[in-house]
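This report refers to the structure that appears directly beneath it.
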Amino acid sequence: FWSWFVFLILLAPVIHAVHFYLGHRLLHVKLLYNRFHALHHRNVEIGPWSGLAMHPVEHLIYLSTLMVQWIIAAHPVNALFQLQLAAFYPALSHSGFDKLMIGKKLGIDGGNHFHYLHHKYFECNYGGSLAPLDKWFGTFHDGSKEADIKMRERIKVRRDELRQRV
1 FWSWFVFLIL LAPVIHAVHF YLGHRLLHVK LLYNRFHALH HRNVEIGPWS
51 GLAMHPVEHL IYLSTLMVQW IIAAHPVNAL FQLQLAAFYP ALSHSGFDKL
101 MIGKKLGIDG GNHFHYLHHK YFECNYGGSL APLDKWFGTF HDGSKEADIK
151 MRERIKVRRD ELRQRV
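What follows is the structure in structure tokens.
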């Protein structure tokens, strides 16, 4: 029991990162974006409260990470920990700090510049900075001109593909 409990506590940030990335990409589908996620993107200059400024449906999508805990039969404490990550991480990722330091060596990644670029361009950096999902799926932007060119090329290819379908 205890080894599974500890393993799930350690795995919770990874579960959150994957779930958030997938949910966030889903919210950028045009229908869902216009109906629900556009409200959150009205905040171009992000701050802690803008991280929590979302449509209720968007909150439900992000908090549905709790269902993962039910599927893997986690202890209720594991589920509560997962829920806290989903509930409070938006404030941290919109906090204005790249890293919150605890002492001189230990820090919690805030991912501010990373997520700021998402609010600036909308078409990049869907995930958090914990898991390299944006790098794996080609949606990473580091603020450089090269990344900007790559993003614009990706958007152009996607639009061309959509036009060919019609």
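The sequence shown begins at 1 in the working numbering and counts up one residue at a time.
Yeah, the Cβ is synthetic: ideal placement off N, Cα and C, and Gly gets one too.
Predicted model, so just to flag it, every value in this text is computed and none were measured.
Go to Met101, then tell me how far its beta strand (DSSP E) extends in each direction, as first and last residue. Counted from its first residue, the sequence shown places residue 101 at position 101. That run of the beta strand (DSSP E) goes 99-102.
Tell me whether Gly138 sits in a helix, a strand or coil according to DSSP, three-state version. Sequence index remark: in the sequence shown, residue 138 carries index 138 (1-based). Look at Gly138 here: in three-state DSSP terms it is coil, with no helix or strand label.
Do the region 34-41 and the region 68-85 touch if we need at least three Cβ pairs shorter than 8 Å? no
If we call anything under 8 Å between Cβ atoms a contact, is Asp134 one with Tyr126? For this step, residue 134 is matched to residue 134 along the sequence shown. For this step, residue 126 is matched to residue 126 along the sequence shown. Yes; because the gap between Cβ atoms is below 8 Å, this pair is in contact.
In angstroms with no decimal places, state the Cα-to-Cα distance between Ser1 and Val166. Here residue 1 is taken as the residue at index 1 of the sequence shown, counted from 1. Here residue 166 is taken as the residue at index 166 of the sequence shown, counted from 1. A small fix is needed here, since residue 1 is Phe in this sequence, not Ser. The alpha-carbon atoms of Phe1 and Val166 are separated by roughly 54 Å.
What do you reckon, are the CB atoms on Arg154 and Gly138 nearer than 8 Å? Position 154 of the sequence shown holds residue 154. Position 138 of the sequence shown holds residue 138. Yes, they are a contact pair.
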